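> One structure, as structure tokens, below. Some questions next.
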Amino acid sequence: MAADTPFPTPPERMRLPRPDRPEADVVQALLRQPALRWDAVRQAATPWVQAVREHPAPFWAMESLLKEYPLSRPEGLALMRLAEALLRVPDVETAMALAADQLGRARFDAGGGSAHPLLAGLSARVLELGRRLLPAEGSAPGLLQRLGAQTVVAAAVRALQLLGRQFVLGRHIDEALHEAQAQRAGQPALRFSFDMLGEGARTGRDAERYLAAYHHAIERIAREQPADAAPEQADGISIKLSALHPRYEPAQRQRLFAELLPRLWTLVERAARANMNLTIDAEESERLELSLDLFEALAARVAQDWPQWQGLGLAVQAYQTRSLEVVQEVARLAAAYRLRLMVRLVKGAYWDGEIKRAQELGLAGYPVYTRKQHTDLAYLACARVLLDHAPQVFPQFATHNAGTIAAVLQMARERGAAFEMQRLHGMGEGIYREVLKREPVALRVYAPVGEHRDLLAYLVRRLLENGANSSFVHQLADARVPLDALLVSPFNLQGDPGLPLPAALYGPARPNSAGVDLACLADREPLYTTARDTAVPTVPEADAAAVDAAMQRLHAGFALWDATPVAGRAAALRRAAEALEARRAEFCGLLVREARKVMADAVAEVREAVDFLRYYAAEAEQRFAPLALPGPTGESNELRLRGRGVFVCISPWNFPLAIFTGQVAAALVAGNSVAAKPAEQTPAVAQRMVALLHGCGVPEDALQLLHGPGETVGAALVRDARCAGVAFTGSTEVAKAIQRSLADKDGPIVPLIAETGGINAMLVDSTALPEQVVDAVIQSAFRSAGQRCSALRLLCLHVHIADAVLQMLAGAMQELVVGDPLQWSTDVGPVIDAQAHAALARHVARLDAQARLVARTPLPAGLAGDHLAPVAYEVRDIAEVREEVFGPVLHVVRWGSGELATPEAVIDRVNALGYGLTLGVQTRIDGRALQVAQRARVGNVYVNRNMIGAVVGVQPFGGEGLSGTGPKAGGPHYLLRFASEQTLTINTAAAGGNAALLAGGR
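The opening position of the sequence shown corresponds to residue 32 in the working numbering, with each subsequent residue numbered one higher.
Printed below as a string of structure tokens:
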């Protein structure tokens, strides 16, 4: 079949169980399999461990470094973070600041107990001297200190380059092949699997570069190996699919079959022609079903074109709770297509990322095991299946765990199956040295290849994996860990999960809102089906009479609602939270249809509304309980909170459910009755939510919906004499108009809680990882079509990295999908309406004339509606960005010279704009991040992440200056602004004296 023959996109289906099944259930199923003779495993592994401890690895080996500088101590963390960033810093000034920041946080001394006392003492003295030579952040070093600091930085760079050589086989494939041959001089049967290092592609150009590198590597590896060598007897290559396409994610499935698979097939075909092993590396759990779909398409094509080739392989991560089903599926594919497939079984490399994703999404459970013993158990269960399916599957067991190695050897001997062991280059050498003395085992080395600047993420990942206290490598190097503990049997259930489930993230007082995993077909399909069937109802507008009648009704109903015990008001909110979660699909459908949101944003908004309801319920019960105050004997003093009256809540269209619900819930639980006025563009969402609250126990006399234009309905509500407070989210201009209207009224002074927009900036220095920066910028500036109060408007890039970052950003913007929110593949939907589109288009036209275009996302041909292509422009000065532009428009400015020479100068200019909502900081200099946060006059500062998506109770949200009044929504001070305070003082001695004091005696 021709190489350019297209791959059809098969219908999506679920091959595997859900990724968030209860861990205990999965482990119980694993335990039902036959157990190993663990006493024999321990007996085999014990002499290996003893020998390694008696003859420790060299000082620069991973296990030795982790023992000298464990990641549980400041010294280890400082060196790890320095290793992650220093080599990519292009300017000396920033490199000095980074080294001073990290080394300054630690104290290096030559402690006892080292296996290499001379080298450990020398390294400690050098590190301590270097720490003292480096200037503090923000200080001006003298000439001698500057020369000393430059020497320290140069030495550190060289040391990290040398360290990298211990874990990266070569800077390019020729150097790696030469080093492989040198290692084979002592072990002729040693085999290698070469991995071309690098972050995942962010741009099409990145993907082309990685594809060319893979092609070149296959060609060079093939040239070096014997012509008659079978794939399992010769060197091979490992391929990352995320390196071959910038959008390797489930939502782009159709595109990947059309674009990624043909690229991948050119590599597979070349490997098949050379009869060498090509293994597709494992990545994150949300890509697992997708990777199996792609792998099956390759297997089908291999069966047609290269049926005799036995080198196609897949890596499987045992720490995933679906790992057993994955190896069973690979075995099924091997049988179905009559192929011999290779499977590399690993423990897994993205554990912390998997945990965080599950927590952030509010999933029912984790896609990975939370206890190391459970991962070890799953590994052995997978190994049993792989060995049972030999020879249709050739197992490749990648592990440095002596117990796991011994267990695998036991199972393999019992079955007489062919297999190989694998280790990482630079790690596990001691264990395999001892294993190979006693066992004639085939061994392959997983060998990273790449430039020093590319090894950083790899090196840090290895440090994190193996530096964890539960890691076998870490415990092996620690003689204090007894052999019985090191070689403990994994054949037991460890009880509760090793971490709280995502639902319990916030403790017993408040459950985390439940989310969905859109990568899971069973979760996604019902949401889109409901959205497609959703019709947006028409909501009648209120006239002046309706406004007056509603305010009269709310004024009359206030006293009864305020008298309701706070526990009763909180219970109504909690019932509403449960009902909203149960009706998630319905509300998501409305948000997609009426507010034009993509589904991921709709799900997140429902969750935020649920979080507001639960958070304010819990806060009210705590803060509205009477507070006893100290005072003299013979009297009691108590502070009480109660509602103010009728609160007017005016919410925006960009979060028509979350902000609407947050305002209304806070006002209600504080004891107020509420006149809720939604944005003109999104009244149906608000109407549905008000009906839900009424159904959950909030009286109609305490909550009324009033839909209509802000100029009429909103203005009438604010002017009404019965208005006791206003909560507003929207533009600064309207907030000021409300402020003036309230000030002009006779009667009580009415409080205003205003959350408005901002010219939100992100400061990026030259220590930042460009890929992380681009990811954060894309999300912060263009997610939700830029229609978030917190969205990034002004990107401030250091001059030394600006060109490279902008080039990557431009490429990443070309990969965004603008389209219909009802399509899962859509990244950016339309703006809210034609009026907003026209205003944004006028601003873009001005920038076209006055600024330099960085990039514009292409719009699909024939796309109708109010879509605006995400766009980025470089401007000359921060002052040119004078107003908030509420859409997918990014302004970029460079700093690091002239009037913007320092981070402090940048922040001062941002402060001068008058807004103060959010700020992003991308730096590896911890002290700098803290100083920037202290100097910035903003409400929310986000360091080394995106700057959107504030979570209730975790990142209370709100600004200052032109960005609002505070207090922050979703924070501990918010409810107090909705309440009035009363102090009750009672003279308890009025009736005949102080009985309590007299009864106590002298």
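Just so it is clear, CB atoms sit at the ideal spot from N, CA and C, and this is done for glycine as well.
Computed from a predicted model, the values in this text were never measured in an experiment.
Using beta-carbon positions only, say whether M442 and L418 come within less than 8 Å of one another.
yes
> For L411, which residues of its own chain have a beta-carbon under 8 Å away from its beta-carbon, when the five flanking residues on both sides are left out?
L67, T435, A438, V439, M442 and P521
> Do I790 and Y946 count as a contact pair if the criterion is CB distance below 8 Å?
yes
> For the beta strand (DSSP E) containing Q1013, name the first residue and the last one.
A1010 to N1018
> Report the three-state DSSP secondary structure of K378 (helix, strand or coil).
coil
> Between which two residues does the beta strand (DSSP E) carrying L925 extend?
Sequence inspection shows Arg at residue 925; the Leu mentioned does not correspond to that position. Residues V920 to W926.
> Using only the alpha-carbon positions, how far apart do A822 and S811 sit?
5 Å
> So does the stretch 344-353 actually touch the stretch 369-385, counting three or more Cβ pairs closer than 8 Å?
yes
> Could you work out which residue in M844, A880, V963 and D939 is closest to P919 when comparing CA atoms only?
M844
> Name the residue from D851, E991, E911 and L1006 whose alpha carbon lies nearest to the alpha carbon of L890.
D851
> Near V610, which residues of its chain fall below 8 Å by C-beta distance, leaving aside the five closest residues on each side in sequence?
A small correction: the amino acid at residue 610 is Ala; Val does not occupy that position in the sequence shown. Closer than 8 Å at Cβ, skipping near neighbours: L723, G726 and C727.
> At a cut-off of 7 Å, is R286 close to the ligand NAD when judged by its beta-carbon and the heavy atoms of the ligand?
Of ligands this structure carries none, so the ligand NAD is not represented either.
> Here's the rule: buried if 16 or more other CB atoms are within 10 angstroms of the residue's CB, otherwise exposed. What is H405?
buried
> Buried or exposed for V634, please, with buried defined as at least 16 other CB atoms from any protein chain shown within 10 angstroms of its CB.
buried
> Would you list the residues sitting across from S224 in a DSSP beta bridge?
G267 and Y477
> Using only alpha-carbon positions, find the residue among R415, A707, D548 and Q218 that is nearest to K468.
Of R415, A707, D548 and Q218, the residue nearest in Cα terms is Q218.
> Quick one, are the C-beta atoms of L61 and A409 less than 8 Å apart?
yes
> For C680, name the three-state secondary structure that DSSP assigns.
Three-state result, C680: strand.
> Given a cut-off of 8 Å, decide if Y279 and A331 are closer than it, judged by their beta-carbon atoms.
No.
> Considering just the uninterrupted stretch of the alpha helix (DSSP H) at C1065, what are its terminal residues?
The structure shown has nothing for residue 1065, since the chain only spans 32 to 1033.
> Whole-angstrom Cβ separation of A573 and V744, contact assumed at under 8 Å?
5 Å
> When DSSP builds the beta bridges, which residues end up paired with G995?
E786
> Taking only the alpha-carbon atoms, compute the straight-line gap between C413 and F428 and give it to the nearest angstrom.
Their Cα atoms are separated by approximately 10 Å.
> CA-CA distance, A715 and L734?
Their Cα atoms are separated by approximately 16 Å.
> My output table needs one value for N523: the three-state DSSP class, helix, strand or coil.
coil
> Applying the 10 Å Cβ sphere with the 16-neighbour rule, what's the burial state of A213?
The C-beta of A213 has fewer than 16 other C-beta atoms within 10 Å across all chains shown, which makes the residue exposed.
> Does the beta carbon of L110 come closer than 8 Å to any beta carbon on chain C?
Included in the structure is just one protein chain, with no chain C present.
> Is it true that the stretch 215-230 meets the stretch 471-481, where meeting means three or more beta-carbon pairs spaced less than 8 Å apart?
yes
> Return the first residue and the last residue of the alpha helix (DSSP H) that K767 is part of.
T763 to D775
> What first and last residue would you give for the beta strand (DSSP E) that runs through M452?
E451 to L455
> Mind reading off the beta-carbon distance from Q803 to I863? Whole number of angstroms is fine, and I expect it under 8 Å.
No, Q803 and I863 are not in contact; Cβ-Cβ is about 30 Å, not under 8 Å.
> Among R673, L950 and P687, whose alpha-carbon lies nearest the alpha-carbon of S1011?
R673
> With distances taken Cα to Cα, identify the nearest neighbour of V875 among A903, A433, E666 and L110.
A903
> At 4 residues or longer, what runs of the alpha helix (DSSP H) sit wholly inside the stretch 349-410?
354-368 and 382-392
> Identify whether R968 lies in helix, strand or coil by the three-state DSSP scheme.
coil
> Measuring alpha carbon to alpha carbon, tell me which of V72, N971, G958 and P1003 ends up nearest V466.
It is V72 whose Cα lies nearest to the Cα of V466.
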